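Take a look at the structure below.
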Amino acid sequence: MRGKFKFQDDFIYKMPAHFGGSPFYPIRAVYGDMLGISVQYETDQDALLQYIPEDFELREPVVSVQYTNCRDVVWMSGGEYRLIQVSAPVKYLGNSDGLSGDYALVVWENKTCPIIGGREEDGVPKVFADIANERRVDNHWFTTASYESCTFLKIDFNQKDEVSSKDIEKLNEHPKVNLFGWRYLPNLGKGGATLSHATLYPQEMNLKQAWFGEGSLQWTKLTPEQHPMQSHIIKALADLPIVKYTNAMMLKCSASLNVGDSKILP
Numbered sequence: 010m011r012g013k014f015k016f017q018d019d020f021i022y023k024m025p026a027h028f029g030g031s032p033f034y035p036i037r038a039v040y041g042d043m044l045g046i047s048v049q050y051e052t053d054q055d056a057l058l059q060y061i062p063e064d065f066e067l068r069e070p071v072v073s074v075q076y077t078n079c080r081d082v083v084w085m086s087g088g089e090y091r092l093i094q095v096s097a098p099v100k101y102l103g104n105s106d107g108l109s110g111d112y113a114l115v116v117w118e119n120k121t122c123p124i125i126g127g128r129e130e131d132g133v134p135k136v137f138a139d140i141a142n143e144r145r146v147d148n149h150w151f152t153t154a155s156y157e158s159c160t161f162l163k164i165d166f167n168q169k170d171e172v173s174s175k176d177i178e179k180l181n182e183h184p185k186v187n188l189f190g191w192r193y194l195p196n197l198g199k200g201g202a203t204l205s206h207a208t209l210y211p212q213e214m215n216l217k218q219a220w221f222g223e224g225s226l227q228w229t230k231l232t233p234e235q236h237p238m239q240s241h242i243i244k245a246l247a248d249l250p251i252v253k254y255t256n257a258m259m260l261k262c263s264a265s266l267n268v269g270d271s272k273i274l275p
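Numbering of the sequence shown is given in the numbering used here, commencing with residue 10 and proceeding in unit increments.
Laid out in structure tokens, this is it:
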């Protein structure tokens, strides 16, 4: 007998889609309690440009590596997960809007649900990693990312002066962050893409506290045997030279991810 499942044009589905979808609703995904550690460094421009699509212009040869512990996540029933985002500052050249923001080179996350939504619905290049909870000894904070017990990234942060409440208020005057990505789905049974385009995922952040400090990164390359799917990503990032560290901060904040405003860029 013929199957009865039918797609509805105005619904949104996640694979496996045949179990049903729901009407699209432009939610704002609220993250009530976040702790982030961000380490930025200057790198070689030509080396970084290898990983920036030609639809974007690199604004400066700077890489940002940001660890975030996301708690009180409303859409996860108050649950939590952790991520490490690697990005570079860019301007979009595909239209006349002159949008500037951060291009996500890769985003590691330690749970499946946020990976699926962020990849399929918002075009963010999310992949899995085991990400340790942040730990501290006195003012030294640190965390690691690993796969199958093979650590490939260590982040260190030495906490120093707290940002004044006046400066926090000033930073909160411009809460919007444009996160760019590239959504790509390969063809089946042949080369090429079924879908390939630039994406925009607007976000807003509300700072509660922040601290300056000194940060450092330690990349460890993994062999294809150790990490069959991501060893080339880790190698590419590890090979970007760290000319000098330019900024390091620790943030306590909340955020709103504007799912209803994410879009394909022409």
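Every residue gets a Cβ at the ideal spot worked out from N, C-alpha and C, and that includes glycine.
Computed from a predicted model, the values in this text were never measured in an experiment.
Whole angstroms is fine: what's the gap from residue i's alpha carbon to residue j's?
| i | j | result |
| --- | --- | --- |
| Arg-91 | Gly-198 | 35 Å |
| Trp-81 | Met-43 | The amino acid at residue 81 is misidentified as Trp; the sequence shows Asp. Distance between the alpha carbons of Asp-81 and Met-43 is about 8 Å. |
| Tyr-76 | Ala-257 | 11 Å |
| Ile-273 | His-206 | 7 Å |
| Ala-219 | Thr-232 | 37 Å |
| Leu-57 | Phe-20 | 39 Å |
| Pro-195 | Leu-204 | 7 Å |
| Phe-166 | Gly-107 | 34 Å |
| Phe-14 | Val-146 | 56 Å |
| Leu-67 | Asn-104 | 16 Å |
| Ala-26 | Ile-36 | 20 Å |
| Thr-152 | Gly-29 | 39 Å |
| Tyr-101 | Asp-55 | 18 Å |
| Ile-46 | Lys-169 | 13 Å |
| Met-24 | Phe-16 | 12 Å |
| Tyr-193 | Ala-202 | 7 Å |
| Trp-191 | Gly-88 | 27 Å |
| Pro-275 | Ser-109 | 15 Å |
| Ser-173 | Cys-262 | 15 Å |
Specify, as a first and last residue, the run of the alpha helix (DSSP H) that residue i falls within.
| i | result |
| --- | --- |
| Trp-126 | According to the sequence provided, residue 126 is Gly. The question's Trp does not apply to it. Note, Gly-126: alpha helix (DSSP H), 121–131. |
| Asp-248 | 240–248 |
| Glu-178 | 174–180 |
| Ala-56 | 54–58 |
For residue i, report the span of its beta strand (DSSP E) as first-last.
| i | result |
| --- | --- |
| Gln-49 | 37–51 |
| Lys-168 | Per the sequence presented here, residue 168 reads as Gln, with Lys not at that position. 159–171 is the extent of the beta strand (DSSP E) around Gln-168. |
| Ser-105 | Here Ser-105 belongs to no beta strand (DSSP E), and DSSP marks it neither H nor E. |
| Trp-228 | 202–228 |
| Glu-66 | 65–67 |
| His-149 | 149–156 |
| Ala-138 | From DSSP, Ala-138 is part of no beta strand (DSSP E); its letter is neither H nor E. |
| Asp-81 | 71–82 |
| Thr-255 | 253–267 |
| Arg-192 | 185–195 |
With a Cβ-Cβ cutoff of 9 Å, do residue i and residue j count as a contact?
| i | j | result |
| --- | --- | --- |
| Val-116 | Val-99 | no |
| Thr-52 | Pro-250 | yes |
| Val-48 | Leu-226 | yes |
| Leu-216 | Leu-180 | yes |
| Val-186 | Asp-248 | no |
| Thr-229 | Val-71 | no |
| Gln-235 | Glu-157 | yes |
| Gly-269 | Tyr-34 | yes |
On a CA-only basis, which of the options is nearest residue i? Give me that one, please.
| i | options | result |
| --- | --- | --- |
| Gly-127 | Ile-61, Phe-189, Ser-86 | Phe-189 |
| Glu-143 | Glu-157, Pro-134, Lys-163 | Lys-163 |
| Glu-171 | Asp-147, Glu-66, Leu-194, Gly-222 | Gly-222 |
| Tyr-60 | Tyr-254, Ser-265, Val-268, Ala-245 | Ala-245 |
| Ile-243 | Phe-28, Val-74, Tyr-40, Val-186 | Val-74 |
| Ala-264 | Glu-63, Lys-15, Trp-84 | Trp-84 |
| Tyr-40 | Asn-267, Lys-230, Ser-271 | Asn-267 |
| Pro-184 | Gly-29, Glu-213, Val-95 | Glu-213 |
| Ala-113 | Pro-275, Asp-131, Ala-38, Asp-147 | Asp-131 |
| Asn-78 | Ser-271, Ser-31, Ile-93 | Ile-93 |
| Tyr-50 | Val-133, Met-10, Ala-97 | Ala-97 |
| Phe-161 | Ser-271, Gln-239, Phe-16 | Gln-239 |
| Ala-141 | Pro-134, Ser-155, Trp-191 | Ser-155 |
| Lys-120 | Val-133, Glu-69, Asp-139, Ser-271 | Asp-139 |
With hydrogens ignored, establish whether the beta-carbon of residue i is closer than 8 Å to any heavy atom of the ligand GDP.
| i | result |
| --- | --- |
| Asp-106 | This structure does not include the ligand GDP; it has no bound ligands of any sort. |
Could you confirm whether any beta carbon from chain B is found closer than 9 Å to the beta carbon of residue i?
| i | result |
| --- | --- |
| Pro-211 | Absent from the structure: chain B. Only one protein chain is present. |
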